[in-house]
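Presented below is the structure to which this report refers.
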Amino acid sequence: MPSPQTAPYDWILAITSIAFIFSAFGNGANDVANSYATSVAARTLTMPQVGFLSMITEFVGAGSPGPLMLAMGCAEVGSATWLMLATTWGWPVSTTQTVVGALIGTGFASQASVKWAWESGSVSQVAASWFIAPLIAAAISALIFGTVKYSVVERKDPFKWAMRLIPYYFATTASILALFIVVEVPTAPSLEEFGAGKAVGIILGVWFGVLAICYIFFMPYFERRLIKKDSRVKFYHAPLGPLLRRENPPLYFPAKEDGKYVTDYYENAYATAEAAVSEDLKVETSSSSSTTPDIVNLEKGKLAEPPRPRGPIGPVERFLDPVRSLPWTSSKKWLGYGKFALLQGVTRDCVSHDSARLRDVHSRAAKYDLRVEHLWTYCQVASAMLMSIAHGSNDVANAVGPWVAVYQTYIDGEVSTTSPTPVWILVIAGFLLGAGFWVYGYNIVRALGNKITQMSPTRGFSVELGAAVTVLLASRLALPVSTTQCLTGATMGVALMNYDFGAVNWRQLGFIFIGWMLTLPSAGLIAGLLCLMALNTPHF
Numbered sequence: 016m017p018s019p020q021t022a023p024y025d026w027i028l029a030i031t032s033i034a035f036i037f038s039a040f041g042n043g044a045n046d047v048a049n050s051y052a053t054s055v056a057a058r059t060l061t062m063p064q065v066g067f068l069s070m071i072t073e074f075v076g077a078g079s080p081g082p083l084m085l086a087m088g089c090a091e092v093g094s095a096t097w098l099m100l101a102t103t104w105g106w107p108v109s110t111t112q113t114v115v116g117a118l119i120g121t122g123f124a125s126q127a128s129v130k131w132a133w134e135s136g137s138v139s140q141v142a143a144s145w146f147i148a149p150l151i152a153a154a155i156s157a158l159i160f161g162t163v164k165y166s167v168v169e170r171k172d173p174f175k176w177a178m179r180l181i182p183y184y185f186a187t188t189a190s191i192l193a194l195f196i197v198v199e200v201p202t203a204p205s206l207e208e209f210g211a212g213k214a215v216g217i218i219l220g221v222w223f224g225v226l227a228i229c230y231i232f233f234m235p236y237f238e239r240r241l242i243k244k245d246s247r248v249k250f251y252h253a254p255l256g257p258l259l260r261r262e263n264p265p266l267y268f269p270a271k272e273d274g275k276y277v278t279d280y281y282e283n284a285y286a287t288a289e290a291a292v293s294e295d296l297k298v299e300t301s302s303s304s305s306t307t308p309d310i311v312n313l314e315k316g317k318l319a320e321p322p323r324p325r326g327p328i329g330p331v332e333r334f335l336d337p338v339r340s341l342p343w344t345s346s347k348k349w350l351g352y353g354k355f356a357l358l359q360g361v362t363r364d365c366v367s368h369d370s371a372r373l374r375d376v377h378s379r380a381a382k383y384d385l386r387v388e389h390l391w392t393y394c395q396v397a398s399a400m401l402m403s404i405a406h407g408s409n410d411v412a413n414a415v416g417p418w419v420a421v422y423q424t425y426i427d428g429e430v431s432t433t434s435p436t437p438v439w440i441l442v443i444a445g446f447l448l449g450a451g452f453w454v455y456g457y458n459i460v461r462a463l464g465n466k467i468t469q470m471s472p473t474r475g476f477s478v479e480l481g482a483a484v485t486v487l488l489a490s491r492l493a494l495p496v497s498t499t500q501c502l503t504g505a506t507m508g509v510a511l512m513n514y515d516f517g518a519v520n521w522r523q524l525g526f527i528f529i530g531w532m533l534t535l536p537s538a539g540l541i542a543g544l545l546c547l548m549a550l551n552t553p554h555f
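Sequential numbering from 16 applies to the sequence shown in the numbering used here.
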């Protein structure tokens with residue numbers, strides 16, 4: 016039951032709850048999407064409350080719960096609005112800094128003091144993280160990719176070296192994942208309480224355990240699929256282990272033997288289509304050369320434009336076009352529109368591109384053995400999990416923080432800076448984050464994937480692992496960083512390992528940096544103006 020002191024402000028809780036839904040949705044569409052952008056771009060995968068109130072000290076006083084609720088509600092609205100706009104424009108912005116900017120705006124509106132000096136949780140530290148976090152992530156990711164590059168992919172026989180070293184890369188990645196779970200999972204005790212000895216024991220146990228699993232189960236699977244080129248063998252056959260070395264292994268649910276045993280991780284559907292169109296035009300031109308040297312549009316008197324190359328079909332063509340002509344009484348039409356509503360966000364092509372600039376950028380990146388890239392897809396799944404854990408430990412509570420402040424103040428009737436977060440709201444937030452990525456995450460996946468540089472599993476693995484390690488180190492050192500900025504910097508670091516500045520799409524990086532610069536003032540302006548108007552209306 017709410018406190019009598021805050022009962023008149025139930026409308027603030029209602030509005031804040033609506034804004035919270037959009038904020039969590041935008042968080043999922045923006046931050047969760049950028050966590051998986053490199054995995055999608057590489058074709059490996061198919062598509063804190065603490066610190067919020069510390070940014071603004073002595074907000075409006077413990078005796079003024081109503082204005083606090085209003086200010087936090089406006090911060091939630093400002094954060095949600097900017098996140099949705101940035102996601103629409105394809106800007107991978109920091110949700111942490113979005114909420115911070117919104118809180119600064121409401122702090123100005125309510126005449127609260129704001130931390131500007133260089134201290135923990137201050138605005139100056141947030142601004143400094145725009146430069147520090149990407150540079151650290153770039154250095155770590157470049158080091159990781161350099162290790163992969165010179166130990167495997169650029170050696171004389173890269174596939175042979177990949178088969179020798181992949182178990183150790185597996186084991187090392189899994190042990191880092193175990194370290195993250197020990198240190199970062201909210202239910203786990205702190206590293207000091209847990210004990211360094213136990214942590215080291217778990218990490219070493221995971222390393223040797225995964226190494227044994229790789230040699231017993233994964234290596235026979237890789238040999239069967241990549242050396243014997245048996246396209247019937249899929250990942251779910253790995254538990255057969257040594258049986259896969261037989262001449263005729265007992266495969267359950269074998270796949271079709273189509274001869275495609277490895278994915279082309281550098282394929283661009285638009286480039287393929289463009290080549291096909293060019294070939295068709297050559298045939299048409301040669302067949303009509305006896306009558307006229309040009310293809311003339313007699314009605315308009317202009318040269319006919321060559322047909323535009325088509326990439327993968329989109330959700331409109333896939334789900335809506337086949338049922339447009341059907342009457343609304345047809346169940347097939349309703350099914351088509353239902354599929355579009357549920358699947359339009361995850362059936363869009365986020366990998367291919369129809370851009371001469373990007374084709375030039377990608378052409379400057381080295382293309383490695385596809386079998387080696389395939390081996391690293393399994394490492395990249397683990398690195399994507401690492402990035403997800405880093406995001407969860409660093410950013411997930413962004414949308415929850417202001418709402419919890421409003422909810423707890425509404426229930427208690429007083430201001431508290433140590434409000435516990437209800438478990439049920441974390442469950443709802445997790446669902447909304449997933450829904451945000453599912454419906455609207457494709458914009459950010461496109462922006463952070465192949466639009467910066469050529470992605471592949473070896474590169475994507477290095478980006479995600481480097482960014483995740485950066486977030487872990489920063490959280491242990493209490494430094495304010497953004498997973499978005501760490502991923503962007505890591506991508507740039509891996510791209511520069513091509514030793515060619517032309518292998519980086521600097522214009523796209525410029526757009527992303529502009530989005531970072533606009534985040535604090537934009538979210539703050541929206542939230543601050545709303546709070547200022549609400550605080551100064553006659554009826555409040």
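Quick reminder that beta carbons are idealized off the backbone N, C-alpha and C, glycines included. As the structure is a prediction and not an experimental result, all values here were calculated from the model.
N263 carries a coil assignment under DSSP once its states are collapsed to helix, strand and coil.
Taken atom to atom, the span from the alpha-carbon of W453 to that of L98 is near 16 Å. Collapsing the DSSP output to three states places L341 in coil. For N551, there is no enclosing alpha helix (DSSP H), since its DSSP letter is neither H nor E. Taking a 10 Å sphere around the C-beta of K175, we find fewer than 16 other C-beta atoms and assign the residue as exposed. For Q140, the enclosing alpha helix (DSSP H) covers residues V138 to V163. A direct Cα-Cα distance of roughly 11 Å separates Y251 from F232. Around the beta carbon of V141, 16 or more other beta carbons sit within 10 angstroms, so the residue counts as buried.
Here the region 150-159 lies against the region 498-505, with 3 or more beta-carbon pairs under 8 Å apart. Going by DSSP, T498 is part of the alpha helix (DSSP H) stretching over T498 to L511.
Counting every other CB atom within 10 Å of its CB across the protein chains shown gives L463 a total of 16 or more, marking it as buried. CA-CA distance, V396 to V221, rounds to 17 Å. About 5 Å separates the CB atoms of M512 and F160; that is less than 8 Å, so the two are in contact. Here the alpha carbons of I440 and V415 stand approximately 8 Å from one another.
Close CB contacts of R333 within its chain, under the 7 Å cut and outside five residues either way in sequence, are with T362 (chain order). For P173, same chain residues with a beta-carbon under 8 Å away, outside a window of 5 residues either side, are V167, Y383, D384 and V387 in chain order. With respect to the 7 Å criterion, S94 and V114 are classified as neighbours on the basis of their beta carbons. The beta carbon of W391 lies closer than 7 Å to those of P472, T473 and F476 in the same chain, with the five residues before and after it left out. A distance of 7 Å or more separates the beta carbons of G105 and N520. Nearest in C-alpha terms to I242, of all of R260, P254, V225 and G256, is R260. About 7 Å separates the Cβ atoms of A148 and T485, confirming a contact at the 8 Å cut-off. Each residue's CA atom was taken as its position, placing G445 and T110 some 15 Å apart.
Taking C-beta atoms as the reference points, I218 and A186 fail to come closer than 7 Å. Between K354 and V338, the C-beta gap is not smaller than 7 Å, which leaves the two residues out of contact. Following the DSSP letters along the chain, one finds P235 inside the alpha helix (DSSP H) bounded by residues M234 to F237. C-alpha of L447 to C-alpha of A124: approximately 29 Å in a straight line. With 16 or more other CB atoms across the displayed protein chains lying within 10 angstroms of its CB, G360 is buried. Closest by C-alpha distance to D273, out of Y267, R247 and E262, is R247. When secondary structure is reduced to three states using DSSP, S166 falls in the helix class.
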